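Please read the structure below before turning to the comments.
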Amino acid sequence: MTLRFTSLTPVLAAVPLCLSLITPTTAIAEADCSPESVANTVSSATGAASNYLTAHPDANQVVVASYSQPRPMASADLRAYFTAHPQQYQDLRGILAPIGDTQQRCNVTVLPPELASAYAEFMAG
């Protein structure tokens, strides 16, 4: 698990840019795959994750500390913390799941590459 951003603000800031690059795979995109719908999903999930981390200062501390660490160390620290706190891991995984669900359902990428990699690693456990 690696989350390498200092807050969820960079994720939210990157959404408009990433959404401008979305290209539906079919001529007519499904209504729930519109850029607005995708942006709302990402905004909702990242906002909920930010609120969750605010309410869980120990988890927030580990996540924030990971931003300034080399990726292998950040990954190991996050994995150790969330292994010791499986309910918090499950909670955050559930909160963030709509991002992956939307990416898969709509065949879009909504996170910048570094965040996408960290997201995939976190969600994989």
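Per mature numbering (1 follows the signal peptide of the UniProt record, and there is no 0), the sequence shown runs over residues -29 to -1, 1 to 96. Note that beta-carbon positions come from the ideal geometry of N, C-alpha and C, so glycine has one too. This structure is a prediction, so every number in the text was calculated from the model and none was measured.
Only residues of its own chain outside the window of five on either side were considered, and among them Ala16, Ala19, Ala20, Tyr23 have a CB closer than 8 angstroms to the CB of Ile66, listed in chain order. Between the C-alpha atoms of Asp62 and His27 there is a straight-line separation of about 11 angstroms. With fewer than three CB-CB distances shorter than 8 angstroms, the segment 44 to 56 does not count as touching the segment 66 to 82. Of the residues assessed, Ser39 falls on the exposed side of the cut-off, its CB having fewer than 16 other CB atoms within 10 angstroms. Assigned with DSSP and collapsed to three states, Leu82 falls in coil, not helix or strand.
By the CB criterion at 8 angstroms, Val33 and Tyr52 fall inside the cutoff. Residue Asp29 holds the alpha-carbon nearest to the alpha-carbon of Ala55 among Val13, Asp29, Val35. Under the 10 Å beta carbon count, Pro84 is surrounded by fewer than 16 other beta carbons and is classified as exposed. Here Pro6 is buried: its Cβ has 16 or more other Cβ atoms, across all protein chains shown, within 10 Å.
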